[in-house]
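Student: In the working numbering, the protein residues as written are 20 to 718. A virtual CB, placed ideally from N, CA and C, is assigned to each residue, including glycine. Structure below; questions to follow.
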């Protein structure tokens, strides 16, 4: 287990916790390197497209999938024309008259079907004179702008593009009177606007022409007049939709520092800032100088103030660790919303706010945090609704998914079926996060013997391993009553897997697995059963309704049988004399390893979820396994991102294992008649590796 984490040096009064950060880059493929450079994940990605184009989903979908919001600057003109201003066909009156309705309907449909949150910014900087939709050129009058805007907005409403929010963004005005005139002349009204944006730049001394000699301007001089007017005239959230500073004429580094430090003090209504990172009229980029980059990076440092802490009272979800820095390792936090109302989620890593996201009903975000290695991880639903949260990890050519531990499932005592740091190529870590308010005294025992005693600070974690040990079960206990979350991370050869520990209160006498396979090429599987009772347990193991093994397991002992040549399901593990068990299934597939916990009776629900489904990514094939544990046939529906993808009738004791080629979306819902007892899992083959994760009830 690699330890350590990113720098968390203090910066200005405004930090990554207090606003959303956006960026424009001429090449979307440079986004990861930009984020690594500034030490922070962005929340908004600015992109430009014209009315005659189709939505660039190839570039934008991967960005949105990782939890960023697309800010789309939409331009109704011909960008290839020699004259970008005088284009009579694209006059505001022609837009209102319906001449472009087919294009607008198409855009509304494409953005609706895109599914991810979009901040739609049509016809920005209308108060200038450099675009075909400006109010004083191209045959337009200022009064033509609002009808054209409302016409576009109405079409989006007709098409049901509820994931699209409208951003009205004039160019900044240099004095209050001009800013008020802009608002009174061009503002479409609160019913037609979701965000009020301002575009503004510090040009420094870069411009010296017969019509314009630019001067160095502070952030307040650029944005102050427009902000004051807009904040007084509407309660809509205010965005800096575009900004940057030149180097010439002053200190760009100080300009950046001043901007971020002034935001919470002088401009509290500004919710986001989007930086225009391009070398165009001048070098606007953050990295135009080392001092500029250093100032920007300092402003991005995570806050340690109370402003960065989660809102109290919302459901919370936990992982012990996050790693997107170790060689070969990439990790995503998947957040799905199974409810009917939008939810706001905040992600904290090592106590610092790493990202905040709005997740629409039936939607999901999949953020990653490049360069971060730290823990524990906490995801908070600040809106109060339940979420589906898991962590997906790619390590070399292997894949693993770990469902989060929810706040109501936290306990002081946990079990894992097995520990192995003796088999060739196997390394294992026990990851323990303290979610309590004070230091936790933690004991770790393997096969009844204490192998480690630790003091874990509040909000801290430990990641011990025990070389040469191969035994089980494993027990992790907080001896002073502090709530923990516990998992086991395993590196096997070039593959990675993580499994959550079972809280002691949820131990059961009966467990189910959807499937067993020791027939497929390259596959070996063991059923690992630990007896946590006070006397010997009589244990039966059945596969597809047939008993394949009967065992006596001593108190505190375990068995690890396998069944060569068998491929069938579901699997049932039962203590026939009432002793509480811990049961998991361990599998080796080619050069990879996976472990999945059994489903206890309380897990056999009629309505179960996964955060995500992927049968599109290169090398990825995914099955949804559904076993009917009831006494009568059931009809089962499977939905992905709210759309029906399959209906199945499953006999009592039977199962289905469908795959959905071409689907890359989430969340996934598996539903049967009320009272049905389903055991549900998702099995994934990724290149040469295998992974399985159990379904969850909604939050």
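Assuming residue 106 and residue 96 form a contact by the criterion Cβ under 8 Å, report the distance between their Cβ atoms to the nearest whole angstrom.
Tutor: Start at 1 with the first residue of the chain shown, and residue 106 comes out as number 87. Start at 1 with the first residue of the chain shown, and residue 96 comes out as number 77. Yes, residue 106 and residue 96 are in contact; Cβ-Cβ is about 5 Å, under 8 Å.
Student: If residue 440 and residue 484 are in contact, beta carbons under 8 Å, what's the gap, nearest whole angstrom?
Tutor: Reading the chain shown from its first residue, position 421 is the one you call residue 440. Reading the chain shown from its first residue, position 465 is the one you call residue 484. By a beta-carbon distance limit of 8 Å, residue 440 contacts residue 484. Their separation comes to about 6 Å.
Student: Using a Cβ-Cβ cutoff of less than 7 Å, which residues in the same chain neighbour residue 244 once the five nearest sequence positions on both sides are dropped?
Tutor: Working through the chain shown from its first residue, we reach residue 244 at position 225. Taken in chain order, the residues that qualify are 192, 193, 194, 195 and 198.
Student: Enumerate in chain order the residues of its own chain whose CB-to-CB distance from residue 572 is below 7 Å, with the five nearest sequence positions on each side excluded.
Tutor: Indexing the chain shown from 1 puts residue 572 at position 553. Only 548, 550, 555, 556, 558 and 578 meet the Cβ criterion.
Student: Using only CA atoms, which one of 391, 134, 135 and 585 lies nearest to residue 341?
Tutor: Along the chain shown, read from residue 1 onward, the residue named residue 341 stands at position 322. The option with the nearest alpha carbon to residue 341 is 391.
Student: DSSP three-state call for residue 417: helix, strand or coil?
Tutor: Counted from its first residue, the chain shown places residue 417 at position 398. The answer is strand: DSSP assigns residue 417 an E or B state.
Student: Is the Cβ of residue 263 closer than 8 Å to any Cβ of chain B?
Tutor: Here chain B cannot be found, since the structure has a single protein chain.
Student: Indicate whether the contact test is met: 3 or more Cβ pairs, each with one atom in the region 487-500 and one in the region 413-428, closer than 8 Å.
Tutor: no
Student: Nearest by alpha-carbon distance to residue 222: which of 216, 240, 229 and 210 is it?
Tutor: To locate residue 222, count along the chain shown from 1; it is residue 203. Cα-wise, what sits closest to residue 222 is 240.
Student: Using the Cβ count rule (16 or more neighbours within 10 Å means buried), how would you classify residue 331?
Tutor: In the chain shown, the residue the question calls residue 331 occupies position 312. With a pLDDT of 41 at residue 331, under the threshold of 50, the predicted position of this residue should be treated as unreliable, and no value is reported.
Student: Nearest CA to the CA of residue 286: which residue from 478, 294 and 258?
Tutor: As a working mapping, residue 286 is identified with position 267 in the chain shown. Of 478, 294 and 258, the residue nearest in Cα terms is 258.
Student: Please identify the residue among 79, 52 and 399 whose C-alpha is closest to the C-alpha of residue 353.
Tutor: Residue 353 sits at position 334 when you count from the first residue of the chain shown. The shortest Cα separation from residue 353 among 79, 52 and 399 belongs to 399.
Student: So, using beta-carbon positions, are residue 433 and residue 523 closer together than 8 Å?
Tutor: Taking the first residue of the chain shown as position 1, residue 433 is located at position 414. Taking the first residue of the chain shown as position 1, residue 523 is located at position 504. In contact: residue 433 and residue 523 (Cβ atoms closer than 8 Å).
Student: Please specify which runs of the alpha helix (DSSP H), each continuous and at least 4 residues long, are wholly inside the region 183-216, giving them in chain order.
Tutor: 195-205
Student: Rounded to whole angstroms, what is the Cα-Cα separation between residue 132 and residue 381?
Tutor: As a working note, residue 132 is residue 113 in the chain shown. As a working note, residue 381 is residue 362 in the chain shown. About 13 Å.
Student: So, helix, strand or coil for residue 702, using DSSP?
Tutor: Within the chain shown, numbered from 1, the residue matching residue 702 stands at position 683. Residue 702: strand per DSSP, three-state reduction.
Student: Alpha carbon to alpha carbon, what distance is there between residue 355 and residue 406?
Tutor: Counting from 1 along the chain shown, the entry for residue 406 is found at position 387. Counting from 1 along the chain shown, the entry for residue 355 is found at position 336. If you take the alpha carbons of residue 406 and residue 355, they lie about 6 Å apart.
Student: Entirely within the region 296-358 and at least 3 residues each: give me those beta strand (DSSP E) ranges in chain order.
Tutor: Those beta strand (DSSP E) runs which fall completely within the region 296-358 and span 3+ residues are 335-338 and 348-355.
Student: Output the residue ranges of the alpha helix (DSSP H) runs that lie fully inside the region 668-712 and measure 4 residues or longer, sorted by chain position.
Tutor: none
Student: Nearest-angstrom Cα distance between residue 374 and residue 364?
Tutor: Counting from 1 along the chain shown, the entry for residue 374 is found at position 355. Counting from 1 along the chain shown, the entry for residue 364 is found at position 345. Going from the Cα of residue 374 to the Cα of residue 364 covers about 8 Å.
Student: Does DSSP classify residue 111 as helix, strand or coil?
Tutor: Walking along the chain shown from the start, residue 111 turns up at place 92. Correct three-state label for residue 111: helix.
Student: Under 8 Å, do residue 561 and residue 591 count as touching if we go by C-beta distance?
Tutor: As a working note, residue 561 is residue 542 in the chain shown. As a working note, residue 591 is residue 572 in the chain shown. For residue 561 and residue 591, yes; Cβs fall inside 8 Å.
Student: The beta strand (DSSP E) spanning residue 556 covers which residue range?
Tutor: Translated into positions along the chain shown, residue 556 becomes position 537. Note, residue 556: beta strand (DSSP E), 556-562.
Student: To which residues does DSSP link residue 374 through a beta bridge?
Tutor: As a first step, residue 374 is located in the chain shown; it is residue number 355 there, counting from the start. Note: residue 374 sits in a beta bridge opposite 366.
Student: Do you know how far the Cα of residue 65 is from the Cα of residue 174?
Tutor: Taking the chain shown and counting its residues from 1, the one referred to as residue 174 is at position 155. Taking the chain shown and counting its residues from 1, the one referred to as residue 65 is at position 46. Looking at the two C-alpha atoms, the distance is approximately 23 Å.
Student: Could you give the distance in angstroms between the alpha-carbon of residue 201 and the alpha-carbon of residue 231?
Tutor: Along the chain shown, read from residue 1 onward, the residue named residue 201 stands at position 182. Along the chain shown, read from residue 1 onward, the residue named residue 231 stands at position 212. Note on geometry: alpha-carbon atoms of residue 201 and residue 231 lie some 21 Å from one another.
Student: For residue 479, I'd like the list of residues in its chain whose CB is within less than 6 Å of its CB, leaving aside the five on either flank, ordered along the chain.
Tutor: As a working mapping, residue 479 is identified with position 460 in the chain shown. Closer than 6 Å at Cβ, skipping near neighbours: 453.
Student: Have a look at 542, 686 and 615 and flag the residue whose alpha-carbon is nearest the alpha-carbon of residue 582.
Tutor: One-based indexing of the chain shown puts residue 582 at position 563. Among 542, 686 and 615, the Cα nearest to that of residue 582 belongs to 542.
Student: Looking at the unbroken beta strand (DSSP E) that takes in residue 511, where does it start and where does it end?
Tutor: Within the chain shown, residue 511 is the residue found at index 492, counting from 1. It spans 503-511 - the beta strand (DSSP E) in which residue 511 sits, taken as one unbroken run.
Student: With a threshold of 6 Å on Cβ separation, who are the neighbours of residue 83 within its own chain once the five nearest residues in sequence on each side are excluded?
Tutor: Indexing the chain shown from 1 puts residue 83 at position 64. Here the set comprises 89 and 135.
Student: Which residues in the same chain have their Cβ closer than 6 Å to the Cβ of residue 513, if we skip the five residues on either side of it in sequence?
Tutor: Within the chain shown, residue 513 is the residue found at index 494, counting from 1. Closer than 6 Å at the Cβ level, and outside the excluded window around residue 513, lie 415.
Student: Do you know whose CA, among 660, 700, 715 and 225, lies nearest residue 383's CA?
Tutor: Here residue 383 refers to the residue found at position 364 of the chain shown. Residue 660 is the option with its Cα nearest to residue 383.
Student: Does the count of Cβ pairs from the region 248-255 and the region 271-279 closer than 8 Å reach three?
Tutor: no
Student: Beta strand (DSSP E) containing residue 78: first to last residue?
Tutor: As a working mapping, residue 78 is identified with position 59 in the chain shown. No beta strand (DSSP E) holds residue 78; the alpha helix (DSSP H) holding it covers 76-84.
Student: By a C-beta neighbour count over all protein chains shown, 10 Å radius and 16 as the cutoff for buried, is residue 472 buried or exposed?
Tutor: Here residue 472 corresponds to residue number 453 of the chain shown, with the count starting at 1. Counting Cβ neighbours within 10 Å, residue 472 comes out exposed, since fewer than 16 surround it.
Student: Looking at C-beta atoms only, is the number of pairs between the region 592-606 and the region 646-661 that lie closer than 8 Å three or more?
Tutor: no
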